[in-house]
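Engineer: Numbering (this note's numbering), first residue to last: 444 to 815.
One structure follows; several queries about it will come next.
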Amino acid sequence: MQVFRPIATRLLSDADISINGIRSHDIRVHDDRFYQNVLLKGSMGLGEDYMDGGWDCEDLEEMFFRLINSGLEDRIRGLPVNFLPNLFAQLKNQQTRNKSLRVAERHYNMGNDLFFSFLGKYKNYSCGYFNGTTKSLDIAQEQKMDLICRKLSLSSGDRLLDVGGGWGEIARFAADNYGCHVTSINISDEQIAYGREYCKDSSVNILKCDYRDLEGEYDKIIVIAMLTHVGHKNYRAFMEKIHSCLKDGGSALIETVGSTVARKHCEPWTNKYIFPGGLIPSISQLGEAIEGLFVIEDLHDFGPDYVKTLRLWNKNLQKGWPGQSEIYSERIRRMFEYFFLSVAGAFRARSLHNWHLVLTKNAIDKPNCRVV
Numbered sequence: 444m445q446v447f448r449p450i451a452t453r454l455l456s457d458a459d460i461s462i463n464g465i466r467s468h469d470i471r472v473h474d475d476r477f478y479q480n481v482l483l484k485g486s487m488g489l490g491e492d493y494m495d496g497g498w499d500c501e502d503l504e505e506m507f508f509r510l511i512n513s514g515l516e517d518r519i520r521g522l523p524v525n526f527l528p529n530l531f532a533q534l535k536n537q538q539t540r541n542k543s544l545r546v547a548e549r550h551y552n553m554g555n556d557l558f559f560s561f562l563g564k565y566k567n568y569s570c571g572y573f574n575g576t577t578k579s580l581d582i583a584q585e586q587k588m589d590l591i592c593r594k595l596s597l598s599s600g601d602r603l604l605d606v607g608g609g610w611g612e613i614a615r616f617a618a619d620n621y622g623c624h625v626t627s628i629n630i631s632d633e634q635i636a637y638g639r640e641y642c643k644d645s646s647v648n649i650l651k652c653d654y655r656d657l658e659g660e661y662d663k664i665i666v667i668a669m670l671t672h673v674g675h676k677n678y679r680a681f682m683e684k685i686h687s688c689l690k691d692g693g694s695a696l697i698e699t700v701g702s703t704v705a706r707k708h709c710e711p712w713t714n715k716y717i718f719p720g721g722l723i724p725s726i727s728q729l730g731e732a733i734e735g736l737f738v739i740e741d742l743h744d745f746g747p748d749y750v751k752t753l754r755l756w757n758k759n760l761q762k763g764w765p766g767q768s769e770i771y772s773e774r775i776r777r778m779f780e781y782f783f784l785s786v787a788g789a790f791r792a793r794s795l796h797n798w799h800l801v802l803t804k805n806a807i808d809k810p811n812c813r814v815v
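Here it is in structure tokens:
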């Protein structure tokens, strides 16, 4: 293992990260297998070693910001250990109908109480909108839901389709505050059960339905934080389905995490532990999928707000963990902590973005969608 230590130390020094240094973003190694795991397993080794307590860092977000901003992440991603998995992911469709169920079964069905311990008042597993001076996660999530409704100019009687509706939060918000009739689809049993109870007194109908099976016609459509589960081989088919369900003159809003660089393979650690088959689209991939179907009326990037959202999720996770520790292992806590703060670092480095795309189908007039 000694042969791996100087190599890992030199690589990390390129990002101004020291091993067992005194700064908050330096790595404290507790198990010397760390060096071998990182160099031979890449991002998988780094993440699994953290989950197992092999290393710590006082400021994980800053550490990942430096790692990504220096380009070291791409050098680790390009290690030989990742070649065959990356090639396989490019050749095979990782988000088929059957494979799509994995993310519901392995992540979203982990238990509502765990997610609710960090999401706050509004059960939105997506970026908040910190407009103005607000520092409150709950206010930011309410502002984001209202922003979506206003961008679509929702009005009483609109038939709204919510694709991948989570726990029903935005469906109920749109129904209660804008008088919409909402159809929300999902494939997570845990989320569906909660959502149906939560929305039982609102004009919301929650269906267990894969997006491929969608039928009917709607005035407006929203797709919030779901596109990362679609996959590059299915982007065009997904957009064609949205197009077929949107009436002429209608508007759709897609909110998605976006990548600066087009990729066709899943990040190994995230694929195994967080979102099986998850893939973050680039703007070029989305443009190709949208071309000839819709007019892109507006593109809004509020990625910096995701840094704030992720920090607050992690703060809530740590604060509420004593109530979860009898059910979930310490490894699960460290998994979510690693996930939240590594992604926050990526947003800070501007390698990730959070986009709102407003699309129209055969609309004569430009909608009033550029609102804040």
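Beta carbons: idealized from backbone N, C-alpha and C, even for Gly.
What you are looking at is a predicted structure, and each value in this text was computed from that prediction instead of being measured.
For residue 628, is the classification buried or exposed, using 16 other Cβ atoms within 10 angstroms of its Cβ as the cut-off for buried?
Structural biologist: To locate residue 628, count along the sequence shown from 1; it is residue 185. It counts as buried.
Engineer: Consult DSSP for residue 654 and reduce its assignment to one of helix, strand or coil.
Structural biologist: Position 211 of the sequence shown, counted from the start, is the residue given in the question as residue 654. Residue 654 falls in the helix class under three-state DSSP.
Engineer: In terms of residue numbering, what span does the alpha helix (DSSP H) encompassing residue 786 cover?
Structural biologist: Taking the first residue of the sequence shown as 1, we reach residue 786 at position 343. Counting along the chain, the alpha helix (DSSP H) containing residue 786 begins and ends at 773 to 791.
Engineer: Quick check: the Cα distance between residue 741 and residue 597, rounded to an integer number of angstroms?
Structural biologist: Walking along the sequence shown from the start, residue 741 turns up at place 298. Walking along the sequence shown from the start, residue 597 turns up at place 154. In this structure, the CA atom of residue 741 is about 16 Å from the CA atom of residue 597.
Engineer: Take every Cβ of the segment 597 to 612, pair it with every Cβ of the segment 646 to 664, and state whether three or more of those distances are shorter than 8 Å.
Structural biologist: yes
Engineer: Alpha carbon to alpha carbon, what distance is there between residue 721 and residue 677?
Structural biologist: Stepping through the sequence shown from its first residue, residue 677 is reached at position 234. Stepping through the sequence shown from its first residue, residue 721 is reached at position 278. Computed Cα separation, rounded: 12 Å.
Engineer: Is residue 708 helix, strand or coil by DSSP?
Structural biologist: Translated into positions along the sequence shown, residue 708 becomes position 265. Correct three-state label for residue 708: coil.
Engineer: Quick one: grab the DSSP three-state call for residue 583.
Structural biologist: Reading the sequence shown from its first residue, position 140 is the one you call residue 583. Here residue 583 sits in helix by DSSP.
Engineer: I believe residue 630 touches residue 653 by the beta-carbon criterion, under 8 Å. Please report the beta-carbon distance rounded to the nearest angstrom.
Structural biologist: Stepping through the sequence shown from its first residue, residue 630 is reached at position 187. Stepping through the sequence shown from its first residue, residue 653 is reached at position 210. About 6 Å separates the two Cβ atoms, so the contact holds.
Engineer: In or out: residue 791 buried (at least 16 other Cβ within 10 Å) or exposed?
Structural biologist: Here residue 791 refers to the residue found at position 348 when the sequence shown is read from its first residue. Buried: at least 16 other Cβ atoms inside 10 Å.
Engineer: Please classify residue 483 as buried or exposed, where buried requires at least 16 neighbouring CB atoms within 10 angstroms.
Structural biologist: Walking along the sequence shown from the start, residue 483 turns up at place 40. Counting Cβ neighbours within 10 Å, residue 483 comes out exposed, since fewer than 16 surround it.
Engineer: Would you say residue 700 and residue 723 are within 8 Å of each other, going by their C-beta atoms?
Structural biologist: Counted from its first residue, the sequence shown places residue 700 at position 257. Counted from its first residue, the sequence shown places residue 723 at position 280. Cβ distance < 8 Å, so residue 700 and residue 723 count as in contact.
Engineer: Relative to the ligand MN, is the shortest distance from any of its heavy atoms to the C-beta of residue 499 smaller than 7 Å?
Structural biologist: Inclusion of the ligand MN in the displayed structure is not the case, the ligand content being empty and no account of it being possible.
Engineer: What are the boundary residues of the beta strand (DSSP E) that residue 701 is part of?
Structural biologist: Your numbering for residue 701 matches position 258 in the sequence shown. Note, residue 701: beta strand (DSSP E), 689 to 702.
Engineer: Please confirm whether residue 562 and residue 697 have their CB atoms less than 8 Å apart.
Structural biologist: In the sequence shown, residue 562 corresponds to position 119, counting from 1. In the sequence shown, residue 697 corresponds to position 254, counting from 1. No, the pair does not count as a contact, with Cβ atoms beyond the cut-off.
Engineer: Provide the residue span of the beta strand (DSSP E) that contains residue 627, from first to last.
Structural biologist: Taking the sequence shown and counting its residues from 1, the one referred to as residue 627 is at position 184. From DSSP, the beta strand (DSSP E) with residue 627 extends over 624 to 629.
Engineer: In the DSSP assignment, find the alpha helix (DSSP H) that holds residue 480 and state where it starts and stops.
Structural biologist: Here residue 480 refers to the residue found at position 37 when the sequence shown is read from its first residue. In the DSSP annotation of this structure, the continuous segment of the alpha helix (DSSP H) that includes residue 480 starts and ends at 476 to 484.
Engineer: Sort 638, 674, 691, 640 by Cα distance to residue 659 and report the nearest one.
Structural biologist: By one-based count along the sequence shown, residue 659 stands at place 216. Among 638, 674, 691, 640, the Cα nearest to that of residue 659 is on 691.
Engineer: Kindly indicate which three-state DSSP category residue 454 falls into: helix, strand or coil?
Structural biologist: For the purposes of this step, residue 454 is identified with residue 11 of the sequence shown, where counting begins at 1. Helix.
Engineer: May I ask which residues mark the beginning and end of the beta strand (DSSP E) holding residue 798?
Structural biologist: Taking the first residue of the sequence shown as 1, we reach residue 798 at position 355. Start and end: 795 to 803.
Engineer: Mapping the DSSP letters down to three states, classify residue 814 as helix, strand or coil.
Structural biologist: Sequence index remark: in the sequence shown, residue 814 carries index 371 (1-based). DSSP places residue 814 in coil when its eight states are reduced to three.
Engineer: Between which residues of its own chain and residue 511 is the CB-CB distance below 7 Å, once the five residues before and five after are set aside?
Structural biologist: Within the sequence shown, numbered from 1, the residue matching residue 511 stands at position 68. Excluding five sequence positions before and after residue 511, the CB atoms of its chain that fall closer than 7 Å to its own CB belong to 788, 789, 792, 794, given in chain order.
Engineer: Give the straight-line distance between the Cα atoms of residue 470 and residue 500, rounded to the nearest whole angstrom.
Structural biologist: Locating residue 470 in the sequence shown gives position 27, where the first residue counts as 1. Locating residue 500 in the sequence shown gives position 57, where the first residue counts as 1. Whole-angstrom Cα-Cα distance: 5 Å.
Engineer: In whole angstroms, what separates the C-alpha of residue 662 from that of residue 623?
Structural biologist: Against the sequence shown, residue 662 aligns to sequence position 219. Against the sequence shown, residue 623 aligns to sequence position 180. Distance between the alpha carbons of residue 662 and residue 623: 10 Å.
Engineer: Straight-line CA distance for residue 570 to residue 618?
Structural biologist: What you label residue 570 is simply residue 127 of the sequence shown in a count that begins at 1. What you label residue 618 is simply residue 175 of the sequence shown in a count that begins at 1. For residue 570 and residue 618, the distance between alpha carbons rounds to 21 Å.
Engineer: Near residue 534, what residues of its chain come up, given a Cβ to Cβ distance below 7 Å and the 5 sequence neighbours on each side ignored?
Structural biologist: Here the question's residue 534 lines up with position 91 in the sequence shown. Low per-residue confidence applies at residue 534: pLDDT is 46, beneath 50, and the placement is therefore not dependable, though the value from the model is reported in the following sentence. Here the set comprises nothing.
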